[in-house]
Amino acid sequence: MIEFITEPLGYSFLLRGFAAAIMIGIICAVVGTFVVLKGLAFIGDALAHIAFTGIVAAFLIGFSFYLGALAAAIIAALGIGAVSQRTGVSTDTSIGIFFSGIFALGVVLMSIGIQSYTIDLFSYLFGDILSVRQSDLISILILGGIVLAIIAVLYKELLFVSFDPVVAESAGLPARWMQMLLLVLLSVTVVVSVQAVGIILVVAMIVTPSATAYLLTDRFGVMMILGAVFGALSATGGFYLSYYADVPSGGAIVLVATALFAIVAVIGPKRRSLWKLTSGEPEAAQRPA
Amino acid sequence: MYLNFAAVLFLAFAFLAACVDDTADDDEAVDDNTTEETGTADGATGEDDGEPINVVVTMPFLPSMVEAVGDTHVDVESIVPQGVDAHTYQPTPGDARLISDADIIFVNGLGLEEFLDGLIDSAGGVDAPVIEVADGLQDEGIKVNGNHDHGDDDHADDHHHDDDHADDHADDHHHDDDHADDHQHDHDHDHDYPYGNPHFWLSPVHGIHYVENIYETLAAFDPDNDADYRLNADDYIAEIEAFDEWAQEQMAQIPGENRFMVTFHDAFPYFAEHYDLDVVGVIIRSPGREPGAQELARLADEIRETGVPAVFIEPQFNPDLAEAIADEAGVQTLLIYSDTPPEGAGYLEMMKSNVENVVEGLS
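Each protein sequence line maps, in turn, to chains A and B. All residue numbers for the first sequence refer to this note's numbering, where the first residue is 293 and numbers rise by one. All residue numbers for the second sequence refer to this note's numbering, where the first residue is 68 and numbers rise by one.
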């Protein structure tokens, strides 16, 4: 039994992958709590593809892929926020416009700019969790830590702003900036994770564990913690599944996360119709779709 | 997801390009048709004008071969640019234009250029003959990672001076065979390369076969210059043979217990066979297919146990995974070229670089 657990951990590349999966499972679930409640599941995929354009631009101009991806995602996130605030189109629509527009720009730029020798830039969009390096782990730890710290410090404000921006604004909170901040935190999370573990895993880890948690609680804080637990559980279960069934680790982790959601959806309690943000606060009557 | 996106973009552009082509090329198309019907006489008229034959090739290692044979009589363009992976290549509207203007299209064949059919469709069909340069060659089942049991074990016994080691290796391979049989033998074999492994050109003997096929095609298309083509082909074949002689000498430096390779994708069975090397494993069985966790762990074990001294990576693929495995096994990574030569280099330069790096990595 012990051997069953330790055998794959004897390989340092598997151990690094496992560590990355757990960290990303936790960070993505915490950020994902906002994503799920605001109904922005699309944004993970969008930011990852937008990051691709940043990678292409970085390649053409000649600076770090990482910075390029991060810059593109943050700029796009701010643009998404600004466009939906200025024009009144829904955030989801705004995401759709930026997603396709910026990704198409990347495809076209790549075709124009890259005439000769290069690696497959798309492969950076599909990073494999088993090729995570020590330096990737450190970036995840540092940037992920910063994201979690900001959320912890501004927890109440972010929560308030996310669910009732109008009231939050009138209460003196810089609602627009806080919403932008959320999008930036999300961008950082997506970019850091995508380079290490690939796009499918990131999209799934942002949405699925938080959604599973959503089925079990009506409290925001509890949902965040439960989401992180489901994220870590999926990472662990998927990791061992991928080793013993000999399938790709990223895919296995996503499948375990999905299975957890399915199980909870079938046997879990029926979702309550009224959803309380925190005890003592008013119900989220206008919970965004 | 990105595939869908790129496909939509491509289709949209291709549609536009096709519209433009149809109108702009009407006159030319008439010309083409009349000359096409007269068959080989067509080449003669082309030659009288002093117009070079428009040759389009799919793969970036092919232009140097066609240019060597056709010299000033041909004008060669490659669809897949240098440095881009052909397995996952996405054609552009410019490519559709390229092939619709071509007199001859050379492809490797054996399913390597999956994008070609769609490209021909979007160009509205092509008049030019599509010639498979690998035509006449057959995958005789040299496979890696136990996908095939033929060759590997005997090979180890026949060639290795260090008997104990060779036996060890043969045993290891057996483990691997079982493993592959359990999980993915049939599926992979059929799925990866439905017509057999297409990477023939990486063996110089097969490279010569390609040159002969190119010669025959050009000579049939443009018989007036047959003598030129024959002369050029003979010169080029002599160059390949001289290269091979040099390569054999270089390869002979590799000690028997080191004659193992691990490559990124399964492109080197013919290369390995020609130079008496054993391909112990590949990082990814097919471009685009993610390997399983245990598969990679076993590969790292096998590298350690057989003493494979290096993992060979290819520049068109993200090296991260190969580097993780090499790191795990404590060996170095070196670059070799499979589908695409380095910038400014042709087939022979690519082959030479491969031999140098393999000798460096395994010695």
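Glycine is no exception: its CB is placed at the ideal position from the N, C-alpha and C atoms. Every value quoted in this text rests on a predicted model; they were computed, and no experiment measured them.
Whether residue i touches residue j by CB criterion (8 Å)
i: B:P119; j: B:G178; result: no
i: B:V122; j: B:F182; result: no
i: B:D394; j: B:D138; result: no
i: B:T407; j: B:G117; result: no
i: A:V328; j: A:T481; result: no
i: B:V141; j: B:V147; result: no
i: B:E144; j: B:L129; result: no
i: A:L401; j: A:A333; result: no
i: A:I394; j: A:I342; result: yes
i: B:A201; j: B:N175; result: yes
i: B:Q399; j: B:G428; result: yes
i: B:S430; j: B:I321; result: yes
i: B:L344; j: B:R371; result: no
i: B:G185; j: B:H276; result: no
i: B:E362; j: B:V347; result: no
i: A:A313; j: A:A503; result: no
i: A:R308; j: A:Q471; result: no
i: A:L477; j: A:V439; result: yes
i: A:F582; j: A:F355; result: Since the displayed chain A opens at 293 and closes at 581, residue 582 of chain A lies outside it and no answer follows.
Minimum C-alpha distance to residue i - residue among the options
i: A:G317; options: A:G464, A:A496, A:D337, A:A364; result: A:A496
i: A:G419; options: B:V349, B:G413, B:A391, B:V151; result: B:A391
i: B:L285; options: B:R297, B:G274, B:H276; result: B:R297
i: A:T325; options: A:S376, A:I387, A:I443, A:G542; result: A:I443
i: B:V193; options: B:L204, B:G176, B:D162, B:D202; result: B:D162
i: B:E357; options: A:G380, A:S423, A:F310; result: A:S423
i: A:I517; options: A:Y532, A:F531, A:P501, A:M402; result: A:P501
i: B:D152; options: B:G374, B:R365, B:S353, B:P322; result: B:S353
i: A:P561; options: A:F344, A:G513, A:A505, A:I545; result: A:A505
i: B:G274; options: B:M418, B:L429, B:N424; result: B:M418
i: B:E283; options: B:R371, B:P271, B:N299, B:L269; result: B:N299
i: B:I380; options: B:S405, B:A305, B:I187, B:E316; result: B:S405
i: A:V399; options: A:I498, A:S462, A:D510, A:I347; result: A:I347
i: B:F310; options: B:D345, B:A334, B:P271, B:N280; result: B:P271
i: B:P386; options: B:Q205, B:E312, B:A396, B:I351; result: B:I351
i: A:A364; options: A:T345, A:L477, A:S304; result: A:T345
i: B:E312; options: B:V422, B:V278, B:A412, B:E279; result: B:V422
i: A:P540; options: B:G411, B:Q205, B:G191, B:A364; result: B:A364
Supposed contact pair residue j and residue i - C-beta distance, whole angstroms, cut 8 Å
i: A:A551; j: A:A321; result: Contact doesn't hold; Cβ gap of about 16 Å is too wide.
i: B:A360; j: A:Y358; result: That pair is no contact at about 25 Å.
i: B:V426; j: B:M318; result: 7 Å
i: A:L475; j: A:L370; result: 7 Å
i: B:I171; j: B:F288; result: 6 Å
i: B:Y337; j: B:F384; result: 19 Å between Cβ atoms; not a contact.
i: A:A340; j: A:V556; result: Incorrect: roughly 26 Å between the Cβ atoms, too far for contact.
i: B:A377; j: B:L401; result: 5 Å
i: A:S392; j: A:T383; result: The pair is not a contact, with the Cβ atoms about 15 Å apart (cut-off 8 Å).
i: A:G529; j: A:V548; result: 4 Å
i: A:V484; j: A:I432; result: 6 Å
i: A:K330; j: A:S454; result: 6 Å
i: A:D428; j: A:A524; result: The pair is not a contact, with the Cβ atoms about 18 Å apart (cut-off 8 Å).
Residue i classed as buried or exposed, judged by whether at least 16 other C-beta atoms fall within 10 angstroms
i: B:Y414; result: buried
i: B:Q157; result: buried
i: A:I421; result: buried
i: A:A467; result: buried
i: B:A108; result: Note that B:A108 scores a pLDDT of 40, beneath 50, so its modelled location is shaky; the value from the coordinates is reported in the next line. By the neighbour-count rule (16 or more Cβ atoms within 10 Å), B:A108 is not buried but exposed.
i: A:D337; result: buried
i: B:H227; result: In this predicted model, B:H227 has a pLDDT of only 39, less than 50, meaning its place in the structure is not dependable enough to derive any value.
i: B:D302; result: exposed
i: A:G302; result: exposed
i: A:I492; result: buried
i: B:E180; result: buried
i: A:V458; result: exposed
i: A:V445; result: exposed
i: A:E295; result: exposed
Interface flag, residue i vs chain C, CB-CB below 8 Å
i: B:D387; result: In the structure shown, chain C does not exist; the protein chains are A and B.
Pull out every residue of the region 536-555 of chain A whose Cβ sits closer than 9 Å to any Cβ of chain B, in chain order.
Within the region 536-555 of chain A, the residues whose Cβ lies closer than 9 Å to some Cβ of chain B are Y536, A537, D538, V539, P540, S541, G542, G543, A544, listed in chain order.
Residues of the region 347-380 of chain B in Cβ contact with chain A at a cutoff of 8 Å, in chain order, please.
When CB distances to chain A are screened at a threshold of 8 Å, the residues of the region 347-380 of chain B falling below it are E357, P358, G359, A360, Q361, E362, L363, A364, A367, in chain order.
Would you list, in chain order, the members of the region 303-318 of chain A that have their beta-carbon closer than 9 Å to a beta-carbon of chain B?
Of all residues in the region 303-318 of chain A, Y303, S304, F305, L306, R308, G309 have a Cβ within less than 9 Å of some Cβ in chain B.
Can you give me, in chain order, the residues of the region 125-142 of chain B that have a beta carbon less than 7 Å from any beta carbon in chain A?
Under the 7 Å Cβ criterion, the region 125-142 of chain B contributes no residue.
Where the region 389-400 of chain B meets chain A: residues whose CB sits under 9 Å from a CB there
For the region 389-400 of chain B, the set of residues with a beta-carbon nearer than 9 Å to any beta-carbon of chain A comprises A389, E390, A391, I392, D394, E395, in chain order.
Which residues, in order along the region 454-479 of chain A, keep a beta-carbon less than 9 Å from a beta-carbon of chain B?
If the cut-off is 9 Å between Cβ atoms, the region 454-479 of chain A has nothing near chain B.
Just by C-beta distance, which residues in the region 149-174 of chain B are closer than 8 Å to chain A?
The residues in question are Q149, G150, V151, D152, T155, T159.
What residues in the region 381-397 of chain A have a beta carbon less than 8 Å from any beta carbon of chain B?
The region 381-397 of chain A vs chain B, Cβ under 8 Å: S392, F395, A396.
With 8 Å as the C-beta to C-beta threshold (strictly closer), list the residues of the region 517-535 of chain A near chain B in chain order.
Of all residues in the region 517-535 of chain A, only F531, S534, Y535 place a beta-carbon less than 8 Å from a beta-carbon of chain B.
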